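Going by our numbering, the residue at position 292 of the sequence shown is 292; the numbering climbs one at a time, nothing skipped. In this text, a Cβ means the ideal position worked out from N, Cα and C, and glycines have one as well. A quick note: this is a predicted structure, and the numbers were derived from the prediction, not measured.
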Amino acid sequence: MVKKFFLKTFGCQQNVADSERIENFYLSRGYVRAETLEEADILILNTCVIRDKAEEKVYGMIKSLRTRLGKKSPHIVVTGCLIGAASRVPGGKMMKRLRTRLPDVEFLPLEEVGFEYTPIRSSGKTASIIISNGCNNYCAFCIVPFSRGKERSRAFEDIVREAEQVRADGYEEIVLLGQNVNSYGADFLQEKLKEQEEYILPGGKKVKPVMVKHLNRHRIPTLFPYLLESIASLPGIKKVSFLASNPWDFSQELISVMARYKNIDRQLHLPIQSGNNDILKKMNRWYTREEYLDLINRIRTAIPEITFTTDIIVGFPGETREQFEESIDIVKRVGFVKTFIAWYSPRPGTVATKEMGDDISIEEKQRRFHELDKIAFKGKK
Numbered sequence: 001m002v003k004k005f006f007l008k009t010f011g012c013q014q015n016v017a018d019s020e021r022i023e024n025f026y027l028s029r030g031y032v033r034a035e036t037l038e039e040a041d042i043l044i045l046n047t048c049v050i051r052d053k054a055e056e057k058v059y060g061m062i063k064s065l066r067t068r069l070g071k072k073s074p075h076i077v078v079t080g081c082l083i084g085a086a087s088r089v090p091g092g093k094m095m096k097r098l099r100t101r102l103p104d105v106e107f108l109p110l111e112e113v114g115f116e117y118t119p120i121r122s123s124g125k126t127a128s129i130i131i132s133n134g135c136n137n138y139c140a141f142c143i144v145p146f147s148r149g150k151e152r153s154r155a156f157e158d159i160v161r162e163a164e165q166v167r168a169d170g171y172e173e174i175v176l177l178g179q180n181v182n183s184y185g186a187d188f189l190q191e192k193l194k195e196q197e198e199y200i201l202p203g204g205k206k207v208k209p210v211m212v213k214h215l216n217r218h219r220i221p222t223l224f225p226y227l228l229e230s231i232a233s234l235p236g237i238k239k240v241s242f243l244a245s246n247p248w249d250f251s252q253e254l255i256s257v258m259a260r261y262k263n264i265d266r267q268l269h270l271p272i273q274s275g276n277n278d279i280l281k282k283m284n285r286w287y288t289r290e291e292y293l294d295l296i297n298r299i300r301t302a303i304p305e306i307t308f309t310t311d312i313i314v315g316f317p318g319e320t321r322e323q324f325e326e327s328i329d330i331v332k333r334v335g336f337v338k339t340f341i342a343w344y345s346p347r348p349g350t351v352a353t354k355e356m357g358d359d360i361s362i363e364e365k366q367r368r369f370h371e372l373d374k375i376a377f378k379g380k381k
């Protein structure tokens, strides 16, 4: 008897793209897709842990399912960021807690679902393509370096080949995904550049990797401007977007490519997280508000029609009312068309959780959230 699976995805757009490969992972093993949860033999939960609420949703769904279906509950597989974080957060406490709360659940590390599994994309005009996975930046509030591990870039030619295939399949828009797309290629370039200064692109063209500068020194080499240009120049691709961008790795070369290709999305997501320099430093964000505003101005000068969206955290440990008001000021100055606001949530393994303490009440976080959200909504263009 053929077994059926039901796949539920929590979290960001990259999780959705991961689920497209997870689906093929199970199809290749002889399972078929269930139309409803009730008819499934196996339930796969692709999880998110960016906030504690996201983690609790997983536990809540499993508890609710077992209460509702009892012995008829499907076998449950948990994969994604929750499993990644539990396996990497130092000390083993998170994995122990996970096994205690979910003693009879199967864990599937996302690493077992390789890129050899072609994504099963839904019908439509937009295809997401993962270009890298993981992050090396260790922002003080962020669990991603644990949930996804160190940054690993896919091969340039594999990404271009996938983009060519989705175009042949009828997709007109492409979204390039990574935790920090701007640093694409830095992992394999670091070693290669010890041997040679140039990188050979598919087709034989030799290029010099873009050296991103920060604090007046070369921080990383990257190929992202070349990759973006390769995708944007493919015949028939009407729009190319990318998520997510880190302000301190946003090179002038990248701005030039965006300006040159009109099919590159004119709405750019550029997270700032806080408008106050002291809080940014505590967050381990490697830029000041002044540098961020300068970057916004340089992008607007090159691409006058550009609009911006951003992420901001309110209630970060030690954030004063005056510091919060600088976040309000940055929202007013830039005029973001969308501001994604979250109140600070302690996450296992992070510097903020280990060293700073969660010293702002949930009531105050909520007040700041609603105040900033109201201002952002009024100010959007």
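Pull up the DSSP beta-bridge partners for Ser98, would you. According to the sequence shown, residue 98 is Leu rather than Ser. In DSSP, Leu98 forms no bridge with anything.
Specify whether the stretch 13-20 and the stretch 35-55 touch according to this definition: at least 3 beta carbon pairs, one from each stretch, less than 8 Å apart. yes
Helix, strand or coil for Ile306 per DSSP? coil
Which residues does DSSP pair with Tyr199 in a beta bridge? Val207
Measuring straight from C-alpha to C-alpha, what distance separates Phe224 and Val207? 12 Å
Does the stretch 128-148 come within contact of the stretch 100-108, defined as at least 3 CB pairs closer than 8 Å? no
For a test of the three-state rule: what should DSSP assign to Phe324, helix, strand or coil? helix
Can you name, in chain order, every residue of its own chain whose Cβ lies under 8 Å from the Cβ of Lys381, other than the five neighbours on each side? Residue placement at Lys381 cannot be trusted, given a pLDDT of 48 that sits under 50; the coordinates are not used to answer.
For Gly80, which residues does DSSP report across the bridge? Thr47
By how many angstroms is the C-alpha of Gly203 removed from the C-alpha of Tyr234? For the record, residue 234 in the displayed sequence is Leu; it is not Tyr. Cα to Cα, the separation comes out at about 14 Å.
Could you tell me which residues DSSP puts in a beta bridge with Glu221? A small fix is needed here, since residue 221 is Pro in this sequence, not Glu. Met211, per the DSSP bridge assignment.
Drop a sphere of 10 angstroms on the beta-carbon of Ala376, count the other beta-carbons inside from all chains shown, and report buried for 16 or more, exposed for fewer. buried
Supposed close pair Phe324, Val314 - CB separation, criterion 8 Å: 6 Å
Count the other C-beta atoms from every protein chain shown that fall within 10 angstroms of the C-beta of Arg68, then say buried if there are 16 or more, exposed otherwise. exposed
Close Cβ partners of Thr353 (< 8 Å) along its chain, the five nearest in sequence each way excluded: Pro346 and Arg347
In terms of residues, what are the limits of the alpha helix (DSSP H) holding Gln267? Looking at the DSSP string, Gln267 is not in any alpha helix (DSSP H); the run it does join, the beta strand (DSSP E), is Gln267 to His269.
For Glu23, count the other beta carbons within 10 Å of its own beta carbon; 16 or more makes it buried, fewer makes it exposed. Which is it? buried
Is the stretch 177-189 touching the stretch 116-133, taking contact as three or more C-beta pairs under 8 Å? yes
Contact defined as beta carbons within less than 8 Å: I believe Val160 pairs with Ser230. What is the distance between those atoms, to the nearest angstrom? 5 Å
Could you check how far apart the C-beta atoms of Tyr344 and Pro317 are, in whole angstroms? I think they sit under 8 Å. 7 Å
Could you have a look at Leu243 and say whether DSSP puts it in helix, strand or coil? strand
Output needed for Glu364: all residues of its chain with C-beta closer than 8 Å, excluding positions within five of it in sequence on either side, in chain order. Gly315
Thinking C-alpha only, which one of Lys125, Arg285 and Thr222 is nearest Tyr171? Lys125
Taking the alpha-carbon positions, what's the Glu35 to Ser122 distance? 14 Å
Three-state secondary structure assigned by DSSP to Phe40: The residue asked about is misnamed: residue 40 is Ala in this sequence, not Phe. In this structure, Ala40 counts as coil in the three-state DSSP scheme.
By the three-class DSSP mapping on this structure, what secondary structure does Arg367 have? helix
Where the alpha helix (DSSP H) through Leu27 begins and ends: Gln13 to Leu27
DSSP bridge partner residues for Ile312 (one or two, in chain order): Gln273 and Ile341
Can you give me the start and stop residues for the alpha helix (DSSP H) that Lys53 sits inside? Asp52 to Leu69
Please state whether the Cβ-Cβ distance between Gly11 and Cys81 is less than 8 Å. yes
Using three-state DSSP, classify Arg33 as helix, strand or coil. strand
Does the separation of the CB atoms of Tyr31 and Lys3 fall below 8 Å? yes
Is it true that the CB of Gln366 sits closer than 8 Å to the CB of Asp311? no
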